[in-house]
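Protein chains in written order, with our numbering: chain A, 405 to 492; chain B, 32 to 465.
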């Protein structure tokens, strides 16, 4: 094992302590819970359209990031720029 | 005599469809300056699409169809009403079938509001007074927290069945199914699993028998909407490592795509808190998210409003109108749309970054409903009035969720102990490797 790897291991203590604190705190207080309306509401949807227009616009070479920056595909509740539509 | 046609309004500018529309319900001129018939028409209340009021119960008395007694209760564990004198049992009318609420959601256009979900009139009081037909006494019901009262002279039971304009009477009520014993057992079980780090005072004062049944106000919304989202997605084309041993690093190449998706969808019975206090889910200031978590309810089984279901049960009055709840609904519809399109972008294995979204709500239908919740509450003293912790049980499904106050020093000690232990292992490993 090199000295670099060893230094990284030293973070284990503080990380473990913080992780345990938050995990237990959430288990008791459940501050992260809410109604999962995205999946528990009866939704009838027509097939999703638009996939035929997917267009390659750029290439990324040699990035170390595992995911696209700003990935929000599963962050349904994170609002992005709203283009106004008509609302009845 | 030839008449000159009125000038055609310009396509842009003031008064054209391109102009910013006036606020909903506003009139450009002061109605007081207009002749009486026009003024009456302008100021008449908007027609209600679905009238859910129960005219037969308007005098406040709900009589047993068999013996005429007003001593009527809900039979525990069922949706039946039972007469306490002759034991006759009957079922309330299902609101879904009575008013066709589950049908035609994909055909919804505009905003359809049931009569119990109408805007709350600001000048109406919470107190309602009934004149008892039996003895002439006056019986007052405080609609802010109760919907039934008993005449203290002749023991008639009164219920607020008339749809009062203060938002206290909803269109429908979903009766309790979970009995008190069951709710107590569920709350005890929930807390028993969280005792080690619970606040000492909470453990000492914990008496699950103090759980109370409460009817909380919700708007149940059906919606017909379309949504569109746009952004960028990436597909991995190559993954390679460079360097050796501990200098090894992984690199990725990817193709970037412009991604757009559209979806048309309907939602059935989306529940929204119609009390502004309960709808505030700020977990730093309150624990209302606990009550939100026990949603959804089987709202298809709700019965037409009848105050007899609320005998002996407290209730909370609605204070939010449809227009105030609309931003919340649109927010939830956008989230639902985003969840719906997720599968269609699965080929972008490095994820998608949505950058723009659009929502068109074609039609909505709003029904005001009381939903049954067993609530156990504990007030934890502290700065800014402390924190009110709830443990809530869904009165239909039994789903239980709660917030148990934490003894901070115990939790910190445990975290530090575990941290120290892990650090000792880390130091041992580092020491032996160098």
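In this text, a Cβ means the ideal position worked out from N, Cα and C, and glycines have one as well.
Consider the Cβ of residue i: report whether some Cβ of chain A lies at a distance smaller than 7 Å.
i, result
"residue 239 of chain B", "no"
"residue 296 of chain B", "yes"
"residue 314 of chain B", "yes"
"residue 283 of chain B", "yes"
"residue 438 of chain B", "no"
"residue 290 of chain B", "yes"
"residue 78 of chain B", "With a pLDDT of only 49 at residue 78 of chain B, under 50, the local geometry of the prediction cannot be trusted, and the value read off the model is given with reservation. With 7 Å as the cut-off, residue 78 of chain B does not count as an interface residue toward chain A."
"residue 397 of chain B", "no"
"residue 301 of chain B", "yes"
"residue 386 of chain B", "yes"
"residue 358 of chain B", "no"
"residue 124 of chain B", "no"
"residue 176 of chain B", "no"
"residue 203 of chain B", "no"
7 Å is my cut-off, CB to CB: does residue i come that close to chain B?
i, result
"residue 442 of chain A", "yes"
"residue 430 of chain A", "no"
"residue 416 of chain A", "yes"
"residue 427 of chain A", "no"
"residue 463 of chain A", "yes"
"residue 434 of chain A", "yes"
"residue 420 of chain A", "yes"
Ends of the beta strand (DSSP E) at residue i?
i, result
"residue 361 of chain B", "From DSSP, residue 361 of chain B is part of no beta strand (DSSP E) but of the alpha helix (DSSP H) over 353-372."
"residue 253 of chain B", "243-273"
"residue 173 of chain B", "169-173"
"residue 188 of chain B", "188-190"
"residue 432 of chain B", "431-433"
"residue 420 of chain B", "418-425"
"residue 462 of chain A", "459-467"
"residue 294 of chain B", "280-304"
"residue 484 of chain A", "Premise fails: residue 484 of chain A is in no beta strand (DSSP E) and is neither H nor E."
With DSSP collapsed to three states, give me the class of residue i.
i, result
"residue 438 of chain A", "coil"
"residue 410 of chain B", "strand"
"residue 62 of chain B", "helix"
"residue 96 of chain B", "coil"
"residue 208 of chain B", "coil"
"residue 121 of chain B", "strand"
"residue 385 of chain B", "strand"
"residue 105 of chain B", "strand"
"residue 411 of chain A", "helix"
"residue 452 of chain A", "coil"
Decide if residue i is buried, meaning its Cβ has at least 16 other Cβ atoms within 10 Å, or exposed.
i, result
"residue 407 of chain A", "Unreliable placement is indicated for residue 407 of chain A, whose pLDDT of 47 sits below 50; the coordinate value is still reported in the next sentence. The residue is exposed, with fewer than 16 neighbouring Cβ atoms inside 10 Å."
"residue 253 of chain B", "buried"
"residue 300 of chain B", "buried"
"residue 165 of chain B", "exposed"
"residue 475 of chain A", "buried"
"residue 417 of chain A", "buried"
"residue 396 of chain B", "buried"
"residue 431 of chain B", "buried"
"residue 163 of chain B", "buried"
"residue 407 of chain B", "buried"
"residue 174 of chain B", "buried"
"residue 425 of chain B", "buried"
"residue 105 of chain B", "buried"
"residue 327 of chain B", "buried"
"residue 487 of chain A", "exposed"
"residue 223 of chain B", "exposed"
"residue 426 of chain A", "exposed"
"residue 447 of chain A", "buried"
"residue 270 of chain B", "exposed"
Which whole-angstrom value describes the C-beta separation of residue i and residue j, a residue pair presumed to lie in contact below a C-beta threshold of 8 Å?
i, j, result
"residue 123 of chain B", "residue 334 of chain B", "3 Å"
"residue 143 of chain B", "residue 83 of chain B", "About 12 Å separates the two Cβ atoms, so there is no contact after all."
"residue 435 of chain B", "residue 433 of chain A", "7 Å"
"residue 373 of chain B", "residue 229 of chain B", "So it is not a contact: roughly 38 Å between Cβ atoms."
"residue 103 of chain B", "residue 112 of chain B", "5 Å"
"residue 139 of chain B", "residue 255 of chain B", "4 Å"
"residue 348 of chain B", "residue 197 of chain B", "7 Å"
"residue 259 of chain B", "residue 291 of chain B", "7 Å"
"residue 30 of chain B", "residue 341 of chain B", "Nothing in the structure corresponds to residue 30 of chain B, since chain B is present only between 32 and 465."
"residue 132 of chain B", "residue 398 of chain B", "6 Å"
"residue 177 of chain B", "residue 345 of chain B", "6 Å"
"residue 307 of chain B", "residue 250 of chain B", "The pair is not a contact, with the Cβ atoms about 12 Å apart (cut-off 8 Å)."
Kindly indicate the opening and closing residues of the alpha helix (DSSP H) around residue i.
i, result
"residue 134 of chain B", "Premise fails: residue 134 of chain B is in no alpha helix (DSSP H) and is neither H nor E."
"residue 220 of chain B", "211-223"
"residue 450 of chain B", "439-464"
"residue 427 of chain A", "416-433"
"residue 319 of chain B", "319-324"
"residue 232 of chain B", "231-236"
"residue 309 of chain B", "307-310"
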